[in-house]
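Residue 881 is where the sequence shown starts when you use this note's numbering, and the numbers rise one by one after that.
To keep things clear, I will list the structure first and then write my remarks on it.
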Amino acid sequence: MSVLTYPEAVGVGLLQGVTELFPVSSLGHSILIPALLGGHWKHDLDVSADGSLYLNELVGLHLATALALVVYFWRDWVRVIRGLATSVTQRRIETVDQRLAWLIVSACIPVAVAGVALDKVFRTTLGKPVPTAIFLALNGIVLFVTEQLRRGGSGRRRAGAVTAPGEEHLSAEEQSDLRITRMTIRQAVTIGAAQILALLPGISRSGSTISAGIFKGLGHEDSARFAFLLATPVIGGAALLKLPPLLGAQGDGLRGPLLAGGVAAFVAAYLATRYLVRYFENRTLIPFAIYCSAAGLGSLAYFTLA
881 MSVLTYPEAV GVGLLQGVTE LFPVSSLGHS ILIPALLGGH WKHDLDVSAD GSLYLNELVG
941 LHLATALALV VYFWRDWVRV IRGLATSVTQ RRIETVDQRL AWLIVSACIP VAVAGVALDK
1001 VFRTTLGKPV PTAIFLALNG IVLFVTEQLR RGGSGRRRAG AVTAPGEEHL SAEEQSDLRI
1061 TRMTIRQAVT IGAAQILALL PGISRSGSTI SAGIFKGLGH EDSARFAFLL ATPVIGGAAL
1121 LKLPPLLGAQ GDGLRGPLLA GGVAAFVAAY LATRYLVRYF ENRTLIPFAI YCSAAGLGSL
1181 AYFTLA
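Following this line, the structure appears as structure tokens:
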């Protein structure tokens, strides 16, 4: 069994922190880049190798990403937790905070069930460079199609994207929450279920949920915000499930590098979130679609022709 070195851990942490939030697939890049670099990187960072703890290490680094999301959205999480608590104690769902809390809870259920049931099949059986490159290219196509359908007047309009009369005094975050909570539980569950696709290496979690949000009528900014809120409990919970093997004898020699990688992932994820929240205020998924398609097809050509 290979041991993760400090340079590998920091490099993977920086990569994971950025690509988990950008709609370009964290797992896909964590498989493709070591394979492209070759040498000890390819040997040490192989998800599909027998006895490899690389997947546990990757998901463990997600805990740092989840913490970065909590820090960035801490005010929102205070309101969401308070809304959930008051909803349970008062047995009602009336306020924006209460509705948002239950939308998040409902939307996380499908991927939680699928993650437990299908995680090993999706990530290890398909966690090889060639299928990962194919899925990354498909991820780019999905992002591109999403934008084309939205622009083409297919009926999928940005519901509530314009501030309604009487809401001008609210903060931008509160206005976004109002628009998000106009969705039904069924719509939220559909958006949350899109995260299941991210179990396929090369398919982006944030890209899937943002695209699904746009299909359900949200704008880019609101879709990204809802995607980041959904990602926090999902990736945090997955990380906690994968950590136990790393805390026992199997984790000897790994905990130091993982701590360094976690710090790198936290910083990268926080900066990525800060950038993307501003980016999606007035920009689209097209640049990410072009990148994923080019990177996926280029990697596929390399691994099949080299």
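Don't be surprised by glycine CBs; every beta carbon is placed ideally from N, CA and C.
Presumed contact (8 Å Cβ cut-off) between G1106 and L949, rounded CB distance: Residue identity differs from the one stated: residue 1106 is Phe in this sequence, not Gly. Rounded, the Cβ-Cβ distance is 13 Å, inconsistent with contact.
Please state the DSSP three-state secondary structure of K922. The DSSP-derived three-state label of K922 is helix.
Among residues of its own chain, excluding the 5 on either side of A1039, which ones have a beta-carbon nearer than 6 Å to its beta-carbon? Below a pLDDT of 50, predicted positions are generally treated as unreliable, and A1039, at 38, falls in that range; the measurement from the model is reported next regardless. Hits under 6 Å: G1097.
Work out the CA separation of Y952 and S1254 for me, nearest whole Å. There is simply no residue 1254 to check, as the chain begins at 881 and stops at 1186 in what is shown.
Start-end ranges of the alpha helix (DSSP H) lying completely within the segment 1034-1108, minimum 4 residues: With a minimum length of 4 residues, the continuous alpha helix (DSSP H) runs that stay inside the segment 1034-1108 are 1052-1060, 1065-1073, 1085-1095.
Per DSSP, what kind of secondary structure is A948 in: helix, strand or coil? Looking at A948 - three-state DSSP - the assignment turns out to be helix.
Can you tell me the Cα-Cα spacing of I989 and L917, whole angstroms? For I989 and L917, the distance between alpha carbons rounds to 37 Å.
How would you call T969, buried or exposed, if buried means at least 16 neighbouring beta carbons within 10 angstroms? Result: exposed.
Reference L1077; option with closest CA among L1134, Q896, A992: Nearest C-alpha to L1077 among L1134, Q896, A992: A992.
Using a 10 Å radius around the Cβ and a threshold of 16 neighbouring Cβ atoms, would you call T1112 buried or exposed? Within a 10 Å sphere around the beta-carbon of T1112 sit 16 or more other beta-carbons, which makes this residue buried.
Start and end of the alpha helix (DSSP H) containing S905? Looking at the DSSP string, S905 is not in any alpha helix (DSSP H), and its letter there is neither H nor E.
Same chain, Cβ closer than 7 Å to R1037, five either side skipped, listed in chain order: Low local confidence applies: a pLDDT of 41 at R1037 is under 50, so the model's placement there is unreliable, with the coordinate-based value given in what follows. If the five residues before and after R1037 are omitted, its C-beta is found closer than 7 Å to the C-beta atoms of G1097, all from its own chain and listed in chain order.
Do L964 and I1060 count as a contact pair if the criterion is CB distance below 8 Å? Between I1060 and L964, the C-beta gap is not smaller than 8 Å, which leaves the two residues out of contact.
Inspect the beta-carbon positions of T885 and P1167 and report whether they are closer than 8 Å. No, the pair does not count as a contact, with Cβ atoms beyond the cut-off.
With distance defined between alpha-carbon atoms, name the residue in I1071, I1090, R962 nearest to V904. Taking only the C-alpha atoms, the option nearest V904 is I1090.
Less than 8 Å between the CB atoms is what I'm expecting for S1173 and F902, so what's the real figure, rounded? At roughly 15 Å, the Cβ-Cβ gap does not stay under 8 Å, so S1173 and F902 are not in contact.
Neighbour-count burial assignment, N1162, 16 or more Cβ in a 10 Å radius: With fewer than 16 other Cβ atoms within 10 Å, it is exposed.
Confirm, please, whether the CB-CB distance from G1176 to L938 is below 8 Å. Contact flag unset, no.
Taking DSSP as the reference, what is the three-state secondary structure of E900? When DSSP states are grouped into helix, strand and coil, E900 belongs to the coil group.
On the three-state DSSP scale, how would you describe E1027? Helix.
Hey, A1119 and L1156: beta-carbon distance below 8 Å or not? Contact: no.
Mark Q1028 as exposed unless 16 or more other C-beta atoms lie within 10 angstroms of its C-beta, in which case mark it buried. Taking all protein chains shown into account, Q1028 has fewer than 16 neighbouring C-beta atoms within 10 Å of its C-beta and is therefore exposed.
From the DSSP output, in three-state form, read off T1005 for me. Reduced to three states, the DSSP call for T1005 is helix.
Spatial neighbours of P887 within its chain, please: C-beta separation below 8 Å, excluding the five flanking residues on both sides. Closer than 8 Å at Cβ, skipping near neighbours: no residue.
What is the residue span of the alpha helix (DSSP H) that A1148 lies within? Its alpha helix (DSSP H) spans residues 1135-1159.
Measuring only the C-alpha atoms, how far is L912 from H923? The alpha-carbon atoms of L912 and H923 are separated by roughly 12 Å.
Spatial neighbours of M925 in its chain, beta-carbon cut-off 6 Å, leaving aside the 5 residues before and after: Sequence check: residue 925 is Leu here, not Met. The answer, listed in chain order, is P914, Y934.
Within 8 Å, strictly: CB atoms of G1082 and I1170: Between G1082 and I1170, the gap from beta carbon to beta carbon reaches 8 Å or more.
Between I859 and S1084, what straight-line distance do the alpha-carbon atoms span, to the nearest angstrom? Since the first residue shown for the chain is 881 and the last is 1186, residue 859 is missing from the structure and cannot be characterised.
If you count every other CB in all the chains shown that lies within 10 Å of the CB of V898, and 16 or more means buried, which is it? Per the 10 Å Cβ criterion, buried.
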